[in-house]
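K.L.:
Structure incoming, see below.
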Amino acid sequence: MVDHDSVVKLMTALRRPLGDVKTPSLRQKQIDLSCSCYRFRDATLLLVLLSDGVHCFKMLTLALITAAVSIAVFYVFKRDCRFVPISTTILYRIQRFLSSPSSEHEYKILYDLKTPSKAVKSRSLLHPVYVLRDPSLIKNVLVRDFEYFTDRQHRRNSGELFDLDGEEWRTARRKLLPVFSPEPLEEMFKYFTANLGTLITKISRGLGGAADVGRPVETSVADIMSLAVFGLEITIGKKKDEFTKKALSIIETGFFQSIKASLFGPGPSRSTEKYFNGFLRKKLQSSGSNDFINLMRRTAEKVEGESEIFHPNQFFDEEFPDTPLDGKAVQITEEFLSAQVFQFFTSGLQPIASAVTFALYDLSTTSPDAQTKMRNEITSSITKNGGYNYDAVREMIFLDRCVHESLRLHPVVHSINRICTKDYESEGTKFLRGETVVVPILGLHMDERHFQDPEQFRPERFGGSEPRNPFYMPFGGGPRKCVGAYFTLLAIKVILAKLVQQFTFSLSEQSISKSPHKYHGPFIIPNDIKFNVSYASRPSILS
Numbered sequence: 003m004v005d006h007d008s009v010v011k012l013m014t015a016l017r018r019p020l021g022d023v024k025t026p027s028l029r030q031k032q033i034d035l036s037c038s039c040y041r042f043r044d045a046t047l048l049l050v051l052l053s054d055g056v057h058c059f060k061m062l063t064l065a066l067i068t069a070a071v072s073i074a075v076f077y078v079f080k081r082d083c084r085f086v087p088i089s090t091t092i093l094y095r096i097q098r099f100l101s102s103p104s105s106e107h108e109y110k111i112l113y114d115l116k117t118p119s120k121a122v123k124s125r126s127l128l129h130p131v132y133v134l135r136d137p138s139l140i141k142n143v144l145v146r147d148f149e150y151f152t153d154r155q156h157r158r159n160s161g162e163l164f165d166l167d168g169e170e171w172r173t174a175r176r177k178l179l180p181v182f183s184p185e186p187l188e189e190m191f192k193y194f195t196a197n198l199g200t201l202i203t204k205i206s207r208g209l210g211g212a213a214d215v216g217r218p219v220e221t222s223v224a225d226i227m228s229l230a231v232f233g234l235e236i237t238i239g240k241k242k243d244e245f246t247k248k249a250l251s252i253i254e255t256g257f258f259q260s261i262k263a264s265l266f267g268p269g270p271s272r273s274t275e276k277y278f279n280g281f282l283r284k285k286l287q288s289s290g291s292n293d294f295i296n297l298m299r300r301t302a303e304k305v306e307g308e309s310e311i312f313h314p315n316q317f318f319d320e321e322f323p324d325t326p327l328d329g330k331a332v333q334i335t336e337e338f339l340s341a342q343v344f345q346f347f348t349s350g351l352q353p354i355a356s357a358v359t360f361a362l363y364d365l366s367t368t369s370p371d372a373q374t375k376m377r378n379e380i381t382s383s384i385t386k387n388g389g390y391n392y393d394a395v396r397e398m399i400f401l402d403r404c405v406h407e408s409l410r411l412h413p414v415v416h417s418i419n420r421i422c423t424k425d426y427e428s429e430g431t432k433f434l435r436g437e438t439v440v441v442p443i444l445g446l447h448m449d450e451r452h453f454q455d456p457e458q459f460r461p462e463r464f465g466g467s468e469p470r471n472p473f474y475m476p477f478g479g480g481p482r483k484c485v486g487a488y489f490t491l492l493a494i495k496v497i498l499a500k501l502v503q504q505f506t507f508s509l510s511e512q513s514i515s516k517s518p519h520k521y522h523g524p525f526i527i528p529n530d531i532k533f534n535v536s537y538a539s540r541p542s543i544l545s
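Residues in the sequence shown are numbered from 3 upward in steps of one, following the working numbering.
What follows is the structure, given as structure tokens:
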């Protein structure tokens, strides 16, 4: 029979806190790693001693397997000790496995380690990654020395912009950037507002109790994206046709979907991808529509044949360097357009829905005056601009600040990665060709060196005439920043403004004490947040 004291000893052996990590010598790093393997082995042997006799053989087998794995890990990693030893992250993984799910992602925890090292070595499945910790090094990797880190680590072999590398990516991006400039976005505004009435009706059904606002927002975003991208006016969840089933499968974030996202990255199944590709090809063969597909085709064809130098557009990123191209063409084919539209549709659903829910969460946990202030601004701007239109939303300054501050606290992704395309050395830090570096966005956003009182929701951070903090990057950073960032921001604002105009939100009791977010692959998503919802009182009109 296993006694309580023995269990305590076992947990103590396995769940030793990370503590302070100093920068050791090469020999010391190998010793640390070896010791971690021995601790893991000893803890496993303790399990054998604690087990009943009938289970002893099974536990002994487990111990032998564990010892073999520990030795393999030691020999694999002892060869590369340029950074903080891998033993630290091994212990973290054991600790996290045995404890309840952490509210902080692994890369943020590694970013927060007390060590002067500019990078921390970790692992992603079967290959090492280097988590960047030094602000100067991060800026160099993303912007100044971008030519060394042009590619992303990806697990899909597709023609989508996200998965393109090198010159193919540069050329494709240049053709797609104008699609997301202000003029096309204004043209698409009508799609954003077309289904908001349905969302208001769904939220109204949850009045008087703890309402799951996130799910209605998700399905409404799917409605909006279906109309904007495909020109289909549908109500996701109302019908059970094939399109609806496939669209719903994209926004599923259950247990098995999360496991799949962690192992292989987020994304639709092959059957879903095949279905939408066939649907898109039929749409591409038609003409005369004003939906996103044809907008993308017209815009991409417009820039075909223009100068092969991409000049920075201040609307997207003030830090873009001029990027010369070698003339490697990306043809505007049905396959190319289909891949970009499919990526835009699937990649936009979850971030928009999550950001709206997180913004409501932050507004609910701060002063009630914040919702009143936003509601008054919304009403004033609508009155001034003659209705709920593109110009009205653009003039909602407090709304804009709240959205950005919420995205700082809950960025779309917890980290981004880059592949080193040629050997790189800067200020004593070396990366070899083919190695993967990770920028821990969540860690940067919660670093008090960059944002004072980082845990606090303070929209005024994004006010005034001062330039935006360079370490604020909810959609990534540098030239490979998400091209759909401004489309996403506009969609978030349109939905959030309508909800705050109609309702008052407060956090339900069951959501107060738990972490607001969890992880789905690289995405940060709401952790089953529920709200108490009531109709808003009639707002006053600001002068």
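The C-beta atom is built at its ideal place from N, Cα and C for all residues, glycine as well.
For the beta strand (DSSP E) containing tyrosine 426, list its first residue and its last residue.
P.N.:
Residues 426-428.
K.L.:
My guess is that threonine 490 and serine 536 are in contact by the Cβ rule of under 8 Å, so how many angstroms apart are they, rounded?
P.N.:
Going by Cβ atoms, the distance from threonine 490 to serine 536 rounds to 29 Å, so no, they are not a contact pair.
K.L.:
Determine, using beta carbons only, whether isoleucine 526 comes closer than 8 Å to chain D.
P.N.:
Included in the structure is just one protein chain, with no chain D present.
K.L.:
Considering only DSSP beta bridges, list what isoleucine 527 is partnered with.
P.N.:
Answer by DSSP bridge pairing, in chain order: Lys520.
K.L.:
Rounded C-beta distance between threonine 381 and glutamine 504? I'm assuming under 8 Å.
P.N.:
Not really, about 11 Å apart at Cβ, beyond 8 Å.
K.L.:
Relative to the alpha-carbon of glutamate 235, which residue among Thr200, Glu169, Leu209, Val215 has its alpha-carbon at the smallest distance?
P.N.:
That would be Thr200, whose Cα lies nearest to the Cα of glutamate 235.
K.L.:
What number of angstroms, rounded off, separates the C-alpha of valine 231 from the C-alpha of phenylalanine 346?
P.N.:
Roughly 8 Å between the two C-alpha positions.
K.L.:
With valine 133 and valine 440 assumed to form a contact (beta carbons below 8 Å), what rounded beta-carbon distance in angstroms separates them?
P.N.:
Indeed they touch by this definition, with Cβ atoms about 5 Å apart.
K.L.:
Could you check whether methionine 398 and alanine 538 sit closer than 8 Å to each other, using their CB atoms as the reference points?
P.N.:
Not closer than 8 Å, so no.
K.L.:
Cutting at 6 Å between CB atoms, please list the residues of its own chain near tyrosine 488, excluding the five before and the five after it.
P.N.:
Only Phe182 meet the Cβ criterion.
K.L.:
Leucine 178 and glutamine 342 - do their beta-carbons sit closer together than 8 Å?
P.N.:
Yes, these two residues count as a Cβ contact at 8 Å.
K.L.:
Round the Cβ separation of serine 356 and proline 528 to the nearest angstrom and send it over; I've been treating them as touching at under 8 Å.
P.N.:
Right, the Cβ-Cβ distance comes to about 6 Å (below 8 Å), so this counts as a contact.
K.L.:
Could you round the C-beta distance between leucine 339 and methionine 298 to whole angstroms and report it? I think they count as a contact, below 8 Å.
P.N.:
About 6 Å; that satisfies the 8 Å criterion.
K.L.:
Leaving out the 5 sequence neighbours to the left and right, which residues in its chain are closer than 8 Å to phenylalanine 400 when beta-carbon positions are compared?
P.N.:
So the qualifying residues of the chain are Lys375, Met376, Glu379, Pro461.
K.L.:
Classify glycine 66 as buried or exposed, calling it buried when 16 or more other Cβ atoms lie within 10 Å of its own Cβ.
P.N.:
Sequence inspection shows leucine at residue 66; the glycine mentioned does not correspond to that position. With fewer than 16 Cβ atoms within 10 Å of its Cβ, leucine 66 is classed as exposed.
K.L.:
In the DSSP assignment, find the unbroken beta strand (DSSP E) run with asparagine 387 in it and report its ends.
P.N.:
Element bounds for asparagine 387: n/a, residue is neither H nor E.
K.L.:
Hey, glycine 480 and phenylalanine 278 are a contact pair by Cβ (cut 8 Å); roughly how many whole angstroms apart?
P.N.:
With a Cβ gap of about 29 Å, glycine 480 and phenylalanine 278 do not count as contacting.
K.L.:
Figure out for me which residue from Arg135, Pro118, Asn142, His447 has the closest Cα to the Cα of glutamate 427.
P.N.:
That would be Asn142, whose Cα lies nearest to the Cα of glutamate 427.
K.L.:
On the criterion of 16 or more Cβ atoms from any shown chain inside 10 Å, does serine 349 qualify as buried, or is it exposed?
P.N.:
Serine 349 is buried by the Cβ-count criterion.
K.L.:
For a test of your reading of the model: does the CB of serine 515 fall under 7 Å from any non-hydrogen atom of the ligand MN? Yes or no.
P.N.:
No copy of the ligand MN appears in this structure; indeed no ligand is present at all.
K.L.:
From lysine 284 to valine 131, what does the alpha carbon distance come to, in whole angstroms?
P.N.:
Going by the C-alpha atoms only, they are around 41 Å apart.
K.L.:
Which two residues bound the contiguous alpha helix (DSSP H) that contains proline 137?
P.N.:
Here the alpha helix (DSSP H) through proline 137 covers 137-141.
K.L.:
Answer yes or no: do phenylalanine 533 and serine 383 have a C-beta to C-beta separation smaller than 8 Å?
P.N.:
Not closer than 8 Å, so no.
K.L.:
Rounded to whole angstroms, what's the CA-CA distance from phenylalanine 294 to glycine 233? Just pull it up for me.
P.N.:
Using only the alpha carbons, I get a separation of about 8 Å.
K.L.:
Looking at C-alpha atoms only, which residue of Glu220, Val414, His107, Arg451 is the closest neighbour of phenylalanine 525?
P.N.:
That would be Val414, whose Cα lies nearest to the Cα of phenylalanine 525.
K.L.:
Can you tell me the Cα-Cα spacing of isoleucine 531 and serine 517, whole angstroms?
P.N.:
Answer to the nearest angstrom: the Cα atoms are 9 Å apart.
K.L.:
Could you work out which residue in Ile497, Glu108, Ile205 is closest to arginine 125 when comparing CA atoms only?
P.N.:
Looking at the Cα atoms, Glu108 is the closest of the given residues.
K.L.:
Run through DSSP, which three-state label would glycine 445 get?
P.N.:
Three-state DSSP puts glycine 445 in a helix.
K.L.:
Quick one: is glycine 478 buried, meaning 16 or more other Cβ sit within 10 Å of its Cβ, or exposed?
P.N.:
Label assigned to glycine 478: buried.
K.L.:
Where leucine 492 and asparagine 197 are concerned, what is the direct C-alpha to C-alpha distance, given to the nearest angstrom?
P.N.:
Approximately 15 Å, taken between the alpha carbons.
K.L.:
Return the bridge partner residues of glutamate 121 from the DSSP annotation.
P.N.:
Sequence inspection shows alanine at residue 121; the glutamate mentioned does not correspond to that position. In DSSP, alanine 121 forms a bridge with Leu134.
K.L.:
Under a three-way DSSP split, which group does aspartate 225 fall into?
P.N.:
Correct three-state label for aspartate 225: helix.
K.L.:
So, are the CB atoms of tyrosine 363 and leucine 509 less than 8 Å apart?
P.N.:
A contact, by the Cβ cut-off of 8 Å.
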